[in-house]
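Just so you know, the sequence shown maps onto residues 0 to 335 in numbering that gives the first Met the number 0.
Heads up: the structure comes next, in structure tokens.
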Amino acid sequence: MTAKIVRLNLQHTWTTTMSSSQYRDTLHVAYTRDGITGHGEGAPIVRYHEDAEGARKAVESVRDLLLSANPLQFSKVMAEVFKRVPGEWAGKAAIDIALMDWVGQKLSVPLYTYFGLDPKDTPLTTFSIGIDTPEITKQKTKEAADFPVLKVKVGLATDEPTIEAVRSVTDKPLRVDANEGWKDKEEAVRKINWLEKHGVEFIEQPLPAEMIEETRWIRSRVHIPIIADEACQRASDIPKLKEAFDGVNVKLDKSGGVLEAYRMIMIAKALGMRTMLGCMVSSSCTVTAAAHLSPLVDYADLDGNLLISNDPFHGVRVEKGKLILPGKPGLGLTAA
Ligand code: MG
């Protein structure tokens, strides 16, 4: 087993309410047994107080367990990893994804088949437009011509000019992510109702994660769905979000991998909530793993691999916005 930090370079400087960056470091795990190698990745981010070195140490702390365990008992193995490692969700995701890739290859089935899913049911993915000047926003919108639905990052003082810049070059449906950027519930209601008039389908995380009661207040005053992202990291977060949000954005890097993401999707569905799969800036490894679960969800925002210039893998592809899953066993990755 190897655990190494890989620096992924961004094509454009990537700005959201949280940060502005030209690269991201993610943790890559390769797990080899019986001549089969499973690949996993996790993208630690500052928002959740994680970094790549912490993720690497977390993986090393369970090296002995992983090397002595039977990987076909992956659910038992991951339960033990979750018990032994506090936090470090991206590190846990890298382990889980590597194990699931290994298991799929060992059983000679693609991961979607393991979960009983039909690869034709994948949703469209959005392509994300980070926060930028109106001129660059227009340029990025034009570059996203192949995507029928776009996701636009807002949450700074420039929200209206950003949306107007996008709207000046396209009338496609938009989804908007405020990344906790609005701090005031009345401002959020005004902005959401303005966005609805501009063809926005839903709003993701308008207020800070802890402002659940204020988000419930907003929800009763707007028409478009409100989706939880930063407020919904793991399965145990979902029940308390039910009154405030219409749906949840599940990411493998937040949940600690494929198994926990599957459980979150099932819990959200059981509570009558909409489901979405998202991602961090990461390679095709994590994005493909998430895409294998995407036949289960209403919305996908799985474009983190499309934002980088040095992807080590080929995996899921996108044709006119539709996610196309590889048919090979496991994740179905090949080296780029
Ligand atoms: Mg988000």
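Backbone N, C-alpha and C fix where the C-beta goes; we use that ideal spot for every residue, glycine too.
Every value quoted in this text rests on a predicted model; they were computed, and no experiment measured them.
Under the assumption that residue i contacts residue j (Cβ atoms under 8 Å), give the Cβ distance between them as a whole number of angstroms.
i: Ile217; j: Ile223; result: That pair is no contact at about 11 Å.
i: Thr140; j: Ile130; result: Going by Cβ atoms, the distance from Thr140 to Ile130 rounds to 13 Å, so no, they are not a contact pair.
i: Ile202; j: Ile191; result: 5 Å
i: Val165; j: Val188; result: That belief does not hold up - the Cβ atoms of Val165 and Val188 are roughly 21 Å apart, past 8 Å.
i: Pro344; j: Ala299; result: Only positions 0 to 335 of the chain appear in this structure, which leaves residue 344 out of reach.
i: Val199; j: Leu173; result: 5 Å
i: Trp101; j: Pro133; result: In fact, because the Cβ distance is near 47 Å, the residues do not count as touching under 8 Å.
i: Thr124; j: Gly320; result: 6 Å
i: Asp328; j: Pro109; result: The sequence given here has Pro at residue 328, not Asp. Going by Cβ atoms, the distance from Pro328 to Pro109 rounds to 6 Å, so yes, they are a contact pair.
i: Glu186; j: Glu229; result: That belief does not hold up - the Cβ atoms of Glu186 and Glu229 are roughly 18 Å apart, past 8 Å.
i: Tyr22; j: Asn8; result: 5 Å
i: Val286; j: Leu301; result: 5 Å
i: Lys171; j: Glu213; result: About 30 Å; that fails the 8 Å criterion.
i: Arg6; j: Asp24; result: 5 Å
i: Leu322; j: Ala290; result: 5 Å
i: Arg262; j: Ala234; result: 5 Å
i: Val175; j: Leu194; result: 6 Å
i: Leu98; j: Phe73; result: 5 Å
i: Ala177; j: Gln138; result: The Cβ separation is near 22 Å, so there is no contact.
i: Ile96; j: Glu52; result: Actually they do not touch by this definition, with Cβ atoms about 19 Å apart.
Spell out the partners DSSP gives residue i in its beta bridges.
i: Gly246; result: Ile226, Arg273
i: His11; result: Beta-bridge pairing links His11 to no other residue.
i: Ala29; result: Thr1, His38
i: Thr121; result: Answer is none; Thr121 lacks a bridge partner.
i: Gly320; result: In DSSP, Gly320 forms no bridge with anything.
i: His313; result: Thr333
i: Lys152; result: Asp176
i: Tyr22; result: Asn8
i: Glu203; result: Asp176, Ile226
i: Ile307; result: Leu9
i: Ser74; result: DSSP, once it has assigned bridges, lists no residue as partnering Ser74.
i: Phe126; result: Leu149
i: Pro109; result: Gly329
i: Ala51; result: For Ala51, which the question treats as bridged, DSSP gives no partner whatsoever.
i: Tyr298; result: Met275
Please find out if some non-hydrogen atom of the ligand MG comes closer than 6 Å to the beta-carbon of residue i.
i: Asp297; result: no
Do we get a CB-CB distance below 7 Å when we pair residue i with the residues of chain C?
i: Lys137; result: Considering every chain present, this structure includes no chain C. It has just one protein chain.
Checklist entry - How do the stretch 149 to 166 and the stretch 9 to 26 stand: do at least 3 beta-carbon pairs fall below 8 Å, yes or no? => result Proximity of the stretch 149 to 166 to the stretch 9 to 26 meets the contact definition, three or more beta-carbon pairs being nearer than 8 Å.
Checklist entry - Which residues count as close to the ligand MG when the rule is a CB under 5 Å from any of its heavy atoms, in chain order? => result Listed by position along the chain, the residues with Cβ atoms less than 5 Å from a non-hydrogen atom of the ligand MG are Asp176, Glu203, Asp228.
Checklist entry - Does the count of Cβ pairs from the stretch 301 to 313 and the stretch 46 to 60 closer than 8 Å reach three? => result With the cut-off at 8 Å, the stretch 301 to 313 and the stretch 46 to 60 do not touch.
Checklist entry - Per the contact definition of three or more C-beta pairs closer than 8 Å, is the stretch 159 to 175 in contact with the stretch 37 to 51? => result The stretch 37 to 51 makes no contact with the stretch 159 to 175, as fewer than three CB pairs between them are under 8 Å.
Checklist entry - For the 8 Å Cβ check, are there 3 or more pairs between the stretch 245 to 261 and the stretch 87 to 106? => result The stretch 245 to 261 is in contact with the stretch 87 to 106.
Next on the checklist: For the structure I just gave you, are there three or more beta carbon pairs, one from the stretch 64 to 83 and one from the stretch 113 to 125, closer than 8 Å?
Outcome noted: Too few Cβ pairs lie closer than 8 Å, so no.
Item to check | At least 3 beta-carbon pairs within less than 8 Å: the stretch 295 to 307 vs the stretch 96 to 108 | outcome: In the pairwise beta carbon analysis, the stretch 295 to 307 is classified as not touching the stretch 96 to 108: fewer than three pairs are separated by under 8 Å.
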